[in-house]
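Asks: Those protein sequence lines, which keep their order, are chains A and B.
Just so you know, this note's numbering puts the end of the first sequence at 376, numbered straight through with nothing missing.
Just so you know, this note's numbering puts the end of the second sequence at 376, numbered straight through with nothing missing.
Please find one structure pasted underneath; my questions will follow.
Number of protein chains: 2
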Amino acid sequence: MLKQYLLTPGPTPIPPQVALKEALPIIHHRTDEFSAIYKDISEDLKYIFQTKNNIYTVACSGTGVMEMAVVNLLSPNDEILVASCGNFGDRWIKISQAYGVKIVSISVEWGKTVDPLQVQKALKENTNIKAVFTTLVETSTGVVNDIKSIGKIVSATNAIFAVDAISGLVGQEFKTDLWKADVVICTSQKGFMLAPGLAFITLSDKAWKLVESSKIPKFYFDIKKYKNLTNATPFTPPVTLIVSLQEAIKLIKEKRIENIWNDCRVLAKAARAGMQALGLKLFAEVPCDVLTSAIVPENIGEKIVKTLRKKYGVSIAGGHGDWKDKIVRFSHMGYICKADLLVGFSCLEMVLSELGLSIEKGKSVAAVEEELLKD
Amino acid sequence: MLKQYLLTPGPTPIPPQVALKEALPIIHHRTDEFSAIYKDISEDLKYIFQTKNNIYTVACSGTGVMEMAVVNLLSPNDEILVASCGNFGDRWIKISQAYGVKIVSISVEWGKTVDPLQVQKALKENTNIKAVFTTLVETSTGVVNDIKSIGKIVSATNAIFAVDAISGLVGQEFKTDLWKADVVICTSQKGFMLAPGLAFITLSDKAWKLVESSKIPKFYFDIKKYKNLTNATPFTPPVTLIVSLQEAIKLIKEKRIENIWNDCRVLAKAARAGMQALGLKLFAEVPCDVLTSAIVPENIGEKIVKTLRKKYGVSIAGGHGDWKDKIVRFSHMGYICKADLLVGFSCLEMVLSELGLSIEKGKSVAAVEEELLKD
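Encoded structure:
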């Protein structure tokens, strides 16, 4: 009977009309009916990614589709540049290491953002770099990177530019073609308001050239198997998830992507005001629009997360790695509205109060309200 | 308004109570609630696989989990034996080829079954073979292989025995440990009565030893990342599919696996009688219990499949490869009951009649009924 509020950065809440599509009688994936749906979502994904290139849908998690980018673009001993500012940036490094790729890395302190000029410097110093990998929104810290500026820099070289847009896409403004991102990957369980299980990847012509020379062995993730299929997948797809994706995309299209970006901006501004009203320091140097992270005192991060969930049904996230107990992360991407944010902050006030912090009740809620009313 | 009857060998129909679980509000995968579900299904999967070893759940299609077996067991230039009798047996070859593995293959004519003595002979002639790969039920032909006898032969050697049980498991009698299968893989969309998107893999101690020496690079499919996790997955799992899997497993456990094997045997016997009453020759030399394949005259396989779906909402499958237009395949695994079989055969009678074949109406239905009544 405890009503649940999922304010975590993936999975995010699924709108009921989308969730119900998952429960419809399953259809076969080698039929005209499914092909029409697949063709439809593949076209609409181009709009959401803001690209003219094809988007391929794969059955795997985010890590799977990151690996798909690595194994299709590179060969062993190729040199790459990874610009990482957190846990998921580091994953590009771990995956590439598993395939014997040589890595030049820019490792930014957690909470800070990648400096485009550092990318430029690294590319000048290492002229053999085949690809630059980075992250749009670093979920572990709540930072957004300046993809537009990095894209401009990388596009002036022979290297291709690969962006993990898993946490950012849909909620955070992002323009694949305009910002010169050659490879973009995403998954279903964040801005898409869907269950996990689907992943997406798109490649520019410049990236496809690299695919041709790639010598890393692969089969399931071999993007050439997907390339010429516009109304089918090479292997059995997660049919029910794709059917529900069509419904989620319908909602996104009706609302228009620019309006979703704007809504997230409003929620993010309000969430930051709320955190500051609680006396909590924001963790992200350049905060993204889809989640808000703040430093909590006395290492009570995990305690806050557990108490919120247990007593009020409100799920937020704690920190990763060294920041495990020291920050909280509050998501506002996908199917999260103004009222949810107010629930989150009022319950957070109660929990902080219960945990002995001197909190002025209602103060963060007032700050959130004030920002929301400006919209 | 056209009611749909899905008699295809994957996806198979999903029971409404299982499908509805997919539509429940999504829960977070790093919570006690999800861990309890994951632990629960992992234990119950052991019962379904008939093994004492752990089962790992992965987000991918069947091909993905086949690749997971290959890349974790082998190193480039290792020698393996593939005993293939159809399209999915051949997939073991294609995946292994992509990783530079040396392949000795036993290729059986489609419709025939793998001869265990041929496996024995090949193992004697090729003493360096590290692993033998085969298929429980070859979906493309409807044949079941004698896994028990092959397992006995392979277990007497140093090679490990890997079985693709995707189409067979749950419906077709199968005993991982007793039959000495070292690696068994399966997916969610066949006997498990679930949507596609989940895959399963289990390994014996003998197989784990091979994993230790494997030199094929991998990351997402690296089974060591899954090994010591009994209540979580290393990467974000398809939460809604796992929640619905718990419900499907509940149904399987309530019915008991031996009773499901028996039900499939009864349906298979009835389906074969039905095909023969229509004057159609059975395609499988040793037919499995989960699907029935029959040769259709005058290359009208695709026409039958399309007409059945369009006019009566009944989906069956045609042939693969060279047999594309020459056979039909009628599934009776998972959530398919006696009444569905009768719908299938009566509509098939009408379609064959419409397509100009001289069919005695009611004859195949009578034959099916007669077999069903013996149960």
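The beta-carbon is built from N, C-alpha and C at its ideal position, and this holds for glycine as well.
What span of residues does the beta strand (DSSP E) with B:I38 cover, start to end?
Replies: From DSSP, B:I38 is part of no beta strand (DSSP E) but of the alpha helix (DSSP H) over 33 to 50.
Asks: If you pair each beta-carbon of the stretch 293 to 306 of chain B with each one of the stretch 320 to 329 of chain B, do three or more pairs fall below 8 Å?
Replies: A contact exists between the stretch 293 to 306 of chain B and the stretch 320 to 329 of chain B.
Asks: Quick one: Cα of A:S316 to Cα of A:C348, how far?
Replies: When rounded, the distance between both Cα atoms is 11 Å.
Asks: Assuming A:T203 contacts A:N54 under a Cβ cut-off of 8 Å, what Cβ separation, rounded to an integer in Å, is found between them?
Replies: Contact holds; Cβ gap of about 5 Å.
Asks: Quick one: which chain B residues come within Cβ less than 8 Å of A:Y100?
Replies: Neighbours of A:Y100 on chain B, chain order: P218, F220.
Asks: In terms of alpha-carbon separation, which member of A:L242, A:I360, A:H321, A:T158 lies closest to A:I42?
Replies: Nearest of A:L242, A:I360, A:H321, A:T158 to A:I42, Cα basis: A:L242.
Asks: B:V144 to A:G112, Cα distance in whole Å?
Replies: About 58 Å.
Asks: Could you tell me whether any Cβ in chain B is nearer than 8 Å to the Cβ of A:T237?
Replies: It does: the Cβ of A:T237 has a partner Cβ on chain B nearer than 8 Å.
Asks: Run the CB neighbour count on A:N146, radius 10 Å, all protein chains shown included, and call it buried at 16 or more, exposed below.
Replies: Buried, since its Cβ has 16 or more Cβ neighbours within 10 Å.
Asks: Whole angstroms are fine: how far does the CA of B:K225 sit from the CA of A:S36?
Replies: Going by the C-alpha atoms only, they are around 37 Å apart.
Asks: Determine the direct distance from the alpha carbon of B:A368 to that of B:K153, and round the result to whole angstroms.
Replies: Between B:K153 and B:A368, the C-alpha separation is close to 37 Å.
Asks: Could you confirm whether any beta carbon from chain B is found closer than 8 Å to the beta carbon of A:T136?
Replies: Taking Cβ atoms only, chain B never reaches closer than 8 Å to A:T136, which makes this a no.
Asks: Report the three-state DSSP secondary structure of B:L1 (helix, strand or coil).
Replies: No answer is possible for residue 1 of chain B: the residues shown for chain B start at 2 and end at 376.
Asks: What ranges does the beta strand (DSSP E) occupy inside the stretch 95 to 153 of chain B, keeping only unbroken runs of at least 3 residues that lie completely in it?
Replies: Qualifying beta strand (DSSP E) stretches, in chain order: 103 to 108, 130 to 136.
Asks: First and last residue of the alpha helix (DSSP H) that includes B:T308?
Replies: Unbroken alpha helix (DSSP H) run through B:T308: 302 to 313.
Asks: Would you mind telling me which residues of chain A sit closer than 7 Å to B:L242, beta carbon to beta carbon, in chain order?
Replies: Simply G198.
Asks: With 16 as the cutoff for other CB atoms within 10 Å, does A:G11 come out buried or exposed?
Replies: So A:G11 counts as buried.
Asks: Does the Cβ-Cβ distance between B:V105 and B:I151 come in under 8 Å?
Replies: Against a cut-off of 8 Å, the Cβ pair of B:I151 and B:V105 comes out as no contact.
Asks: Spell out whether any CB of chain B is found under 8 Å from the CB atom of A:L8.
Replies: Not one chain B Cβ lies under 8 Å of A:L8.
Asks: Counting only beta-carbon atoms, is A:S215 nearer than 8 Å to chain B?
Replies: Answer no: the Cβ-Cβ gap between A:S215 and chain B never drops below 8 Å.
Asks: What is the residue span of the beta strand (DSSP E) that B:I261 lies within?
Replies: Counting along the chain, B:I261 falls outside any beta strand (DSSP E), though it belongs to the alpha helix (DSSP H) covering 258 to 278.
Asks: Checking the sheet assignment: what are the DSSP bridge partners for A:R330?
Replies: A:S294, A:A318, per the DSSP bridge assignment.
Asks: Find out if the Cβ-Cβ distance for the pair A:I81, A:Q247 is shorter than 8 Å.
Replies: Their beta carbons are not under 8 Å apart, which means A:I81 does not touch A:Q247 by this criterion.
Asks: Please classify B:R31 as buried or exposed, where buried requires at least 16 other C-beta atoms within 10 Å of its C-beta.
Replies: Label assigned to B:R31: exposed.
Asks: Run through the DSSP bridge pairs and tell me what B:I56 is partnered with.
Replies: According to DSSP, B:I56 bridges with B:T203.
Asks: Put B:S85 into one of helix, strand or coil per three-state DSSP.
Replies: Three-state DSSP puts B:S85 in a strand.
Asks: Run through chain B and tell me which residues come within less than 7 Å of A:S62, C-beta to C-beta.
Replies: What A:S62 touches in chain B: A60, F236, T237.
Asks: In three-state terms, what does DSSP make of A:T64?
Replies: Helix.
Asks: Note down, in chain order, every chain A residue with its Cβ under 7 Å from the Cβ of B:A24.
Replies: Going along chain A in sequence order, the residues near B:A24 (Cβ under 7 Å) are A20, L21, E23, A24.
Asks: Kindly indicate which residue of B:V344, B:T231, B:V155 has the alpha-carbon position closest to the one of B:Q121.
Replies: Minimum Cα distance to B:Q121 is reached at B:V155.
Asks: What is the residue span of the beta strand (DSSP E) that B:V184 lies within?
Replies: Looking at the DSSP string, the run of the beta strand (DSSP E) that includes B:V184 is 184 to 188.
Asks: Which residues bound the alpha helix (DSSP H) around A:A367?
Replies: Per DSSP, A:A367 belongs to the alpha helix (DSSP H) from 364 to 374.
Asks: What residue range is occupied by the uninterrupted beta strand (DSSP E) comprising B:F162?
Replies: B:F162 -> beta strand (DSSP E) spans 161 to 165.
Asks: For B:Y57 and B:F201, which I take to be in contact (beta-carbon distance under 8 Å), what is that distance rounded to the nearest angstrom?
Replies: Between B:F201 and B:Y57 the Cβ distance is about 7 Å, and since that is below 8 Å, they are a contact.
Asks: Which of the three DSSP states, helix, strand or coil, is assigned to A:L170?
Replies: The answer is coil: DSSP assigns A:L170 none of H, G, I, E or B.
Asks: Assuming B:D183 contacts B:T52 (C-beta within less than 8 Å), just tell me the rounded distance between them.
Replies: Not a contact, Cβ separation roughly 10 Å.
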